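Chemist:
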Amino acid sequence: MIDINKVIAIDVHTHAEVSCCQPHDDYRSEFDEAFAKYFKSSKRPTIQETADYYREHNMALVMFTIDAEFEIGKKRIPNIEVAEGALKNDDVMIAFASIDPHKGRMGAREARDLIENYGVKGFKFHPTVQGFYPQDKMAYHLYEVIAEYKLPMLFHSGHSGFGSGVRGGGGLRLEYSNPIHLDDVAIDFPDCPIIIAHPSWPWQDEALSVAMHKPNVYIDLSGWSPKYFPKQLIQYANTMLKDRMLFGTDFPLITPERWMKDFDEAGFKEEVKPLILKENAIKMLGLR
1 MIDINKVIAI DVHTHAEVSC CQPHDDYRSE FDEAFAKYFK SSKRPTIQET
51 ADYYREHNMA LVMFTIDAEF EIGKKRIPNI EVAEGALKND DVMIAFASID
101 PHKGRMGARE ARDLIENYGV KGFKFHPTVQ GFYPQDKMAY HLYEVIAEYK
151 LPMLFHSGHS GFGSGVRGGG GLRLEYSNPI HLDDVAIDFP DCPIIIAHPS
201 WPWQDEALSV AMHKPNVYID LSGWSPKYFP KQLIQYANTM LKDRMLFGTD
251 FPLITPERWM KDFDEAGFKE EVKPLILKEN AIKMLGLR
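Residue numbers (full-length UniProt numbering): 1 to 288.
1) Compare the Cα-Cα distances from I47 to each of M63, W224, I180 and report the closest residue.
2) Check this for me: beta carbons of H198 and G223, under 8 Å apart or not?
3) In chain order, what residues of the same chain have a beta carbon less than 7 Å from the beta carbon of residue 339, not counting five sequence neighbours either side?
4) Do the CB positions of S177 and G158 come within less than 8 Å of each other?
5) Near D220, which residues of its chain fall below 6 Å by C-beta distance, leaving aside the five closest residues on each side in sequence?
6) Identify the continuous alpha helix (DSSP H) that holds D188 and give its terminal residues.
7) Kindly examine the ligand SAM and report whether one of its heavy atoms sits closer than 7 Å to the Cβ of C21.
8) Specify the secondary structure class of V12 as computed by DSSP and reduced to three states.
9) Whose CA, out of Y54, F263, L253, lies closest to the CA of K227?
10) Using 10 angstroms around the beta-carbon of E71, count the other beta-carbons present and answer buried if the total reaches 16, otherwise exposed.
11) Among F123, W201, Q22, K214, which residue has its Cα nearest to the Cα of I187?
12) What is the DSSP secondary structure of D52, counted as helix, strand or coil?
13) According to DSSP, is Y176 part of a helix, a strand, or is it coil?
14) Helix, strand or coil, according to DSSP, for I80 in the structure here?
15) Using 8 Å as the threshold, is the C-beta distance between L182 and V210 below it?
16) For V120, I'd like the list of residues in its chain whose CB is within less than 6 Å of its CB, leaving aside the five on either flank, ordered along the chain.
17) Can you tell me which of P202, Y54, G131, H156 puts its alpha carbon nearest to the alpha carbon of L233?
18) First and last residue of the beta strand (DSSP E) that includes A207?
19) Where A108 and M93 are concerned, what is the direct C-alpha to C-alpha distance, given to the nearest angstrom?
20) Check this for me: beta carbons of A139 and C192, under 8 Å apart or not?
21) Beta-carbon separation of M240 and M260 under 8 Å?
22) For F268, which three-state DSSP category applies?
23) Enumerate, from N- to C-terminal direction, the unbroken alpha helix (DSSP H) stretches of 4 or more residues contained entirely within the segment 92 to 175.
24) Between the beta-carbon of E49 and the beta-carbon of D100, is there less than 8 Å?
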């Protein structure tokens, strides 16, 4: 169990990039090549390496993979592998799962199994890569199971590094990840924390509006160095949304060291920093 008094921060957005139980699926390798070029990195640590890294830095983390088998056609890293990694490293790691909403009732069955038998504590969605609008009723079979347990649902928002530079963007549509689409989800599932991931460029104001209006909506600050955050994001993080901003890196694409260094210099109020780094996540994840 995570000792919340011991860790200095909780990173709510890290990725499982390598499976230890199945080989990397090189199907549509153009995505991998463009991804490495876009983020200027091809380093892909294992689940255990990531847990060890965060332990060394006295931080806790939420980890997930992305199931986009319907839209991309690439085999996912198994959710059970991530969940078992969290059980093995429960002093620092919390597992979220990712299930392609196109899997319908079968996906809902998988979600229940992961919650009840593997201790999964939330779910990650990437509308652009999974090819769906978040408010599409097709996804509600899955949402309804998650809502039974009042678990968080984390949604990618804004521009997608995945697909950037691929011919035609790989057929992936940015519009799916406009955070205004989460307004309906927050209405229909008001007891679930809804997390808007990343500064939502080019729709930052939409994200702030949804979070301002719906008290179950959070924003995680992953995917960008804080020195590049839009000024209005910092403004609201310092004021009206200070209780619903969350530390996240998008590790391994951004390291906590880099994020923390730039965070210290980005204009956040000193009294707000502990809320963002740890306290808001403790509340959102129900750790206290």
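By construction, the Cβ of each residue, glycine as well, lies at the ideal position given by its N, Cα and C atoms.
Source: prediction; values computed, not measured.
Modeler: Let me lay it out:
1) To locate residue 47, count along the sequence shown from 1; it is residue 47. It is M63.
2) Here residue 198 refers to the residue found at position 198 when the sequence shown is read from its first residue. Here residue 223 refers to the residue found at position 223 when the sequence shown is read from its first residue. A contact, by the Cβ cut-off of 8 Å.
3) There is simply no residue 339 to check, as the chain begins at 1 and stops at 288 in what is shown.
4) Position 177 of the sequence shown, counting from 1, holds the residue named residue 177. Position 158 of the sequence shown, counting from 1, holds the residue named residue 158. Yes. Within cutoff.
5) For this step, residue 220 is matched to residue 220 along the sequence shown. Residues of the same chain with a CB within less than 6 Å of the CB of D220, apart from the 5 flanking positions on each side, are V12, H13, I195, A197, L246, G248 in chain order.
6) Taking the sequence shown and counting its residues from 1, one reaches residue 188 at position 188. Annotation for D188: the continuous alpha helix (DSSP H) segment containing it runs 182 to 188.
7) Inclusion of the ligand SAM in the displayed structure is not the case, the ligand content being empty and no account of it being possible.
8) As a first step, residue 12 must be located in the sequence shown, where it is residue number 12. DSSP, read as helix, strand or coil, puts V12 in strand.
9) Mapped onto the sequence shown, residue 227 falls at position 227. The candidate whose alpha carbon is nearest that of K227 is F263.
10) For the purposes of this step, residue 71 is taken as the residue at position 71 of the sequence shown. Buried, because 16 or more other Cβ atoms sit within 10 Å of the Cβ of E71.
11) Position 187 of the sequence shown, counting from 1, holds the residue named residue 187. I187 has its Cα closest to that of K214, out of F123, W201, Q22, K214.
12) For this step, residue 52 is matched to residue 52 along the sequence shown. The answer is helix: DSSP assigns D52 an H, G or I state.
13) For the purposes of this step, residue 176 is identified with residue 176 of the sequence shown, where counting begins at 1. Three-state result, Y176: helix.
14) Working through the sequence shown from its first residue, we reach residue 80 at position 80. Three-state result, I80: helix.
15) Looking up residue 182 in the sequence shown gives position 182. Looking up residue 210 in the sequence shown gives position 210. V210 is positioned such that its CB atom lies closer than 8 Å to that of L182.
16) For this step, residue 120 is matched to residue 120 along the sequence shown. These residues qualify, in order along the chain: A83, A95, A97, L114.
17) Within the sequence shown, the letter at position 233 stands for residue 233. L233 has its Cα closest to that of P202, out of P202, Y54, G131, H156.
18) What you label residue 207 is simply residue 207 of the sequence shown in a count that begins at 1. A207 -> not in any beta strand (DSSP E); alpha helix (DSSP H) instead, spanning 204 to 213.
19) Taking the first residue of the sequence shown as position 1, residue 108 is located at position 108. Taking the first residue of the sequence shown as position 1, residue 93 is located at position 93. Spanning the two alpha carbons is a distance of roughly 24 Å.
20) Residue numbering aside, residue 139 sits at position 139 when the sequence shown is read from its first letter. Residue numbering aside, residue 192 sits at position 192 when the sequence shown is read from its first letter. Result no, Cβ atoms of A139 and C192 do not sit closer than 8 Å.
21) Along the sequence shown, one-based indexing puts residue 240 at 240. Along the sequence shown, one-based indexing puts residue 260 at 260. No.
22) On the sequence shown, residue 268 is found 268 positions in, with the first residue counted as 1. Of the three classes helix, strand and coil, the one that applies to F268 here is coil, per DSSP.
23) Listed in chain order, they are 104 to 118, 127 to 130, 140 to 148.
24) Taking the sequence shown and counting its residues from 1, the one referred to as residue 49 is at position 49. Taking the sequence shown and counting its residues from 1, the one referred to as residue 100 is at position 100. Not in contact: E49 and D100 (Cβ atoms no closer than 8 Å).
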